[in-house]
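In this text, residue positions in the sequence shown follow the UniProt record's numbering: the first is 1, and each later residue adds one.
I have placed the structure first, in the form of structure tokens, so that the comments after it can refer back to it.
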Amino acid sequence: MAELSCIIKNSNTKDPRIEWKKIRNDETTYVFFENTIQGDLKDRAEIQAQSWLIIFNASRTDTGKYRCEVAAEEDEIMLAEITIDLTVKVKPATPQCQVPKSVPVGKSAILHCQENEGYPSSVYRWYRNSDALPEDSKTHPKFLNSSFTLNTKTGTLVFSAVNKGDMGQYSCIASNAAGTARCDAQLLEVYDLNIAAIFAEVLVVLAVLVLITIGIRCAYRTGYFAIITGSNEQSDDNPTNPDSFHYLRSDDEGDFRHKSSFVV
Numbered sequence: 001m002a003e004l005s006c007i008i009k010n011s012n013t014k015d016p017r018i019e020w021k022k023i024r025n026d027e028t029t030y031v032f033f034e035n036t037i038q039g040d041l042k043d044r045a046e047i048q049a050q051s052w053l054i055i056f057n058a059s060r061t062d063t064g065k066y067r068c069e070v071a072a073e074e075d076e077i078m079l080a081e082i083t084i085d086l087t088v089k090v091k092p093a094t095p096q097c098q099v100p101k102s103v104p105v106g107k108s109a110i111l112h113c114q115e116n117e118g119y120p121s122s123v124y125r126w127y128r129n130s131d132a133l134p135e136d137s138k139t140h141p142k143f144l145n146s147s148f149t150l151n152t153k154t155g156t157l158v159f160s161a162v163n164k165g166d167m168g169q170y171s172c173i174a175s176n177a178a179g180t181a182r183c184d185a186q187l188l189e190v191y192d193l194n195i196a197a198i199f200a201e202v203l204v205v206l207a208v209l210v211l212i213t214i215g216i217r218c219a220y221r222t223g224y225f226a227i228i229t230g231s232n233e234q235s236d237d238n239p240t241n242p243d244s245f246h247y248l249r250s251d252d253e254g255d256f257r258h259k260s261s262f263v264v
């Protein structure tokens, strides 16, 4: 709940006219006009003690400048106003954390932590097991063997080259003036690359390629492809198209003459 006070003192006017306005992003809107709450505060605000504005369930969208204007026609000063700057602070939501499950030694890794509900904007801090990580590993003697940097505004933790000492449970805390929130810890495993196994796999692939090449060359030398080519050409000389037919010439076809015939 937010209470915005607008105190009227020593007024000779029995019922001075009171108006509340909200100013945000250079836009002015009515909040209280003609004795009625206006706009998005209609169902969650009221006027108390003649001129105080009370906002229930205040949210970050209520942040802005509020101006109370009082018009007292029977007073020496007929118009007066006061502006109140309201900032609604919202506790961060549970941040979304992304931690790689496993990373090989010497490779880079990026951990993310982000939430969008808190106001003002959250500041982020990463923890490994129970140790808070500094913004730069080189600035703390406990983390000199690591190679990471932390951006507290974006929540990004970047390792340029991980080592076995970086393995552990990682969690992140988002905090602002309204409170804090923490994501569940996630395990980051760091493992050694098996160079021997990788080299062996490469050798196997090369051996397979060599065997294929030798097989193709032997097939050429023994005339295997030539036999296949010759067989195909022979098949082309004697086509067997199911849609074709042979025309047989009769002996007297050459003496064929047109004869007229009538059917009665």
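Positions of the beta carbon are idealized from the N, C-alpha and C atoms, including for glycine.
Given the structure is predicted, the values throughout are model-derived calculations rather than measurements.
Within 8 Å, strictly: CB atoms of residue i and residue j
i, j, result
"Ala71", "Pro120", "no"
"Pro95", "Ala174", "yes"
"Lys22", "Thr13", "no"
"Leu187", "Asp166", "no"
Buried versus exposed, by CB contacts within 10 Å (16 or more), residue i
i, result
"Ala45", "buried"
"Pro92", "buried"
"Val210", "exposed"
"Phe56", "exposed"
"Tyr191", "exposed"
"Ser235", "Reliability fails at Ser235, whose pLDDT of 49 lies under 50, so the model's placement of it is uncertain and the value that follows must be treated cautiously. Its Cβ having fewer than 16 others within 10 Å, Ser235 is exposed."
"Ile18", "buried"
Heavy atom of the ligand ZN within 7 Å of residue i beta-carbon
i, result
"Lys164", "Ligands displayed in this structure: none; no statement on the ligand ZN is therefore possible."
CA-to-CA distance, residue j to residue i, given in whole angstroms
i, j, result
"Thr139", "Asp131", "15 Å"
"Gly155", "Gln114", "6 Å"
"Glu117", "Ala177", "13 Å"
"Met1", "Thr87", "12 Å"
"Tyr220", "Ala207", "20 Å"
"Gly168", "Arg182", "17 Å"
"Trp20", "Arg67", "6 Å"
"Leu157", "Asn35", "53 Å"
"Asp40", "Phe148", "46 Å"
"Val123", "Thr152", "6 Å"
"Arg60", "Trp126", "26 Å"
"Asn31", "Arg24", "Residue 31 is actually Val in this sequence, not Asn. Between Val31 and Arg24, the C-alpha separation is close to 12 Å."
"Trp52", "Glu135", "46 Å"
"Thr63", "Ser5", "16 Å"
"Glu73", "Leu79", "8 Å"
"Cys146", "Leu111", "One detail in the question is off: residue 146 reads as Ser in this sequence, not Cys. If you take the alpha carbons of Ser146 and Leu111, they lie about 15 Å apart."
Contact with chain B by residue i, beta-carbon distance below 8 Å
i, result
"Gly215", "In the structure shown, chain B does not exist; there is a single protein chain."
Start-to-end residues for the beta strand (DSSP E) that takes in residue i
i, result
"Lys21", "17-24"
"Leu53", "52-55"
"Gly64", "64-71"
"Thr28", "27-33"
"Gln96", "96-98"
"Thr149", "148-151"
"His140", "First-last for His140: undefined, no H or E at that position."
Practice task
Could you tell me whether the stretch 99-117 touches the stretch 155-170, using the rule of 3 or more Cβ pairs below 8 Å?
Solution key: yes
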